[in-house]
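> I'd like to ask some things about the structure below.
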Amino acid sequence: MDKELLEKMYGDRNYYNKQFRAKTYLDATEKFCNEYMFIFNAICDEIEAVEENKDVIMENFADEFVSLMADIVKVGGKQPKSRDMLETNLYMVMYVFPCVIETGRPDSKELAECIIARWNKAFKNTNVSLSDYKSIDSGFKRKMCYITTAVCDSFDKPDDCYELTTLRRFRDEYMASSEEGVKLIEEYYEKAPRIVQTINTRADAADVYRMLFDTYINPCICMIETGKMEECLLHYKKMVEKLSF
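Residues 1 to 245 (my numbering) make up the sequence shown, in order.
Below you can see the structure in the form of structure tokens.
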């Protein structure tokens, strides 16, 4: 495996992370695949070429890939600072791992999962998971309370739970009634998917969601219940601004 090529791929991290927005994400994934999919196709070629011990071959490639990437990512053998590591994990989740799936090869999903398992072991406080480009992009298109949905999912609350129903009504009946509110809704749907995906790469994601519920979402519900709509809006905006990268 060519380490210089992986260094080049990692060097593109900041560029591609900036493209993680509703209007630019799919074009960015196409460009990324055009540049780097051949790496994973080559790995799949070698896996498919053997009839026995495919699992061993796959694990060896996963080990090599993560080992080389760890050498590139770690500075002086040390894991990057939290913010930088979050950016790296976001890049891997949004672009690199889905690219393995995008090859469409018979072993692509298993290979991606094998790499991810080793990635999570190689970097402390990391808990990335597998997704694909289509699923990630759909997050920009679903007009839902994205962050609140993620928080409620972490508590195993249903989609029609009181918190989600209340905030959706607040969005549709209060925010959407003004030009400024509509603009804020659109800005929210640009930022929220990135926020949630970044939180989900963290080993302490459940703790973060608990903090968001206690500090922002539950107080917002109380404000709505007492008719303090503008206060609710400002408080929710404060949360989004705090979490935005």
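Positions of the beta carbon are idealized from the N, C-alpha and C atoms, including for glycine.
Being a predicted model, the structure only gives us computed values, none of them experimental.
Consult DSSP for Val75 and reduce its assignment to one of helix, strand or coil.
It is a strand residue.
> Let me confirm a value: Cys222 is counted as buried when at least 16 other C-beta atoms fall within 10 Å, else exposed. Which label applies?
Exposed, since its Cβ has fewer than 16 Cβ neighbours within 10 Å.
> Would Arg194 be called buried (16 or more neighbouring beta carbons within 10 Å of its own) or exposed?
When all chains shown are included, Arg194 counts as buried.
> Distance check for Val66 and Asn60, CA to CA, integer angstroms please.
Distance between the alpha carbons of Asn60 and Val66 is about 10 angstroms.
> Within the same chain, show all residues whose beta-carbon is closer than 7 angstroms to that of Phe20, passing over the 5 residues directly before and after it, in chain order.
Met94, Arg194, listed in sequence order.
> Check whether the Cβ atoms of Cys99 and Cys44 lie closer than 7 angstroms to each other.
Contact: no.
> Under the rule that 16 or more other beta-carbon atoms within 10 Å means buried, what is Tyr314, buried or exposed?
No information on residue 314 is available, as it lies outside the stretch 1 to 245 that the chain covers here.
> Quick check: what's the CA-CA separation for Val56 versus Pro106?
Cα-Cα distance, rounded: 16 angstroms.
> Excluding sequence positions up to five away, which residues of its chain have a Cβ less than 7 angstroms from the Cβ of Thr166?
If we look at Thr166 and ignore the five residues flanking it on each side, its Cβ neighbours are Ile221, Ile224.
> Do Leu68 and Asn17 come within 7 angstroms of each other at the CB atom, strictly closer than that value?
Not closer than 7 angstroms, so no.
> Does DSSP classify Arg21 as helix, strand or coil?
If DSSP states are grouped into helix, strand and coil, Arg21 belongs with coil.
> Identify which residue in Asp71, Ala28, Met58 has its Cα closest to the Cα of Leu111.
When only C-alpha atoms are compared, the closest one is Met58.
> Look at the alpha carbon of Asn218 and the alpha carbon of Lys242, and state the distance between them as a whole number of angstroms.
If you take the alpha carbons of Asn218 and Lys242, they lie about 17 angstroms apart.
> Mapping DSSP to helix, strand and coil, what is Thr165?
In the structure shown, Thr165 sits in a helix (DSSP, three-state: H, G or I).
> Using C-beta distances below 6 angstroms, list every residue in its chain close to Gly139, excluding the 5 sequence neighbours before and after it, in chain order.
Around Gly139: Pro193.
> Secondary structure at Asp226, three-state DSSP: helix, strand or coil?
Contrary to the premise, residue 226 reads as Thr rather than Asp in this sequence. It is coil, neither helix nor strand.
> Where does Thr126 sit, in a helix, a strand or coil, going by DSSP?
Note: Thr126 maps to strand in three-state DSSP.
> Taking Lys3 as part of the alpha helix (DSSP H), name the residues at either end of that continuous run.
Its alpha helix (DSSP H) spans residues 3-11.
> Got a sec, what are the start and stop residues for the alpha helix (DSSP H) Tyr188 sits in?
Note, Tyr188: alpha helix (DSSP H), 179-200.
> For Cys232, I'd like the list of residues in its chain whose CB is within less than 7 angstroms of its CB, leaving aside the five on either flank, ordered along the chain.
The answer, listed in chain order, is Phe170, Cys220, Met223, Ile224.
> Hey, is Leu212's beta-carbon within less than 7 angstroms of any beta-carbon in chain B?
Included in the structure is just one protein chain, with no chain B present.
> In or out: Thr198 buried (at least 16 other Cβ within 10 Å) or exposed?
Buried.
> Is the region 120-134 touching the region 177-193 in the sense that three or more CB pairs, one from each, lie closer than 8 angstroms?
The region 177-193 vs the region 120-134: no contact.
> For Arg83, count neighbouring Cβ atoms within 10 angstroms of its own Cβ and tell me buried if that reaches 16, exposed if not.
Classification of Arg83: exposed, given that the 10 Å Cβ count is below 16.
> Would you kindly work out how many angstroms separate the C-alpha atoms of Ile185 and Glu113, rounded to a whole number?
Computed Cα separation, rounded: 35 angstroms.
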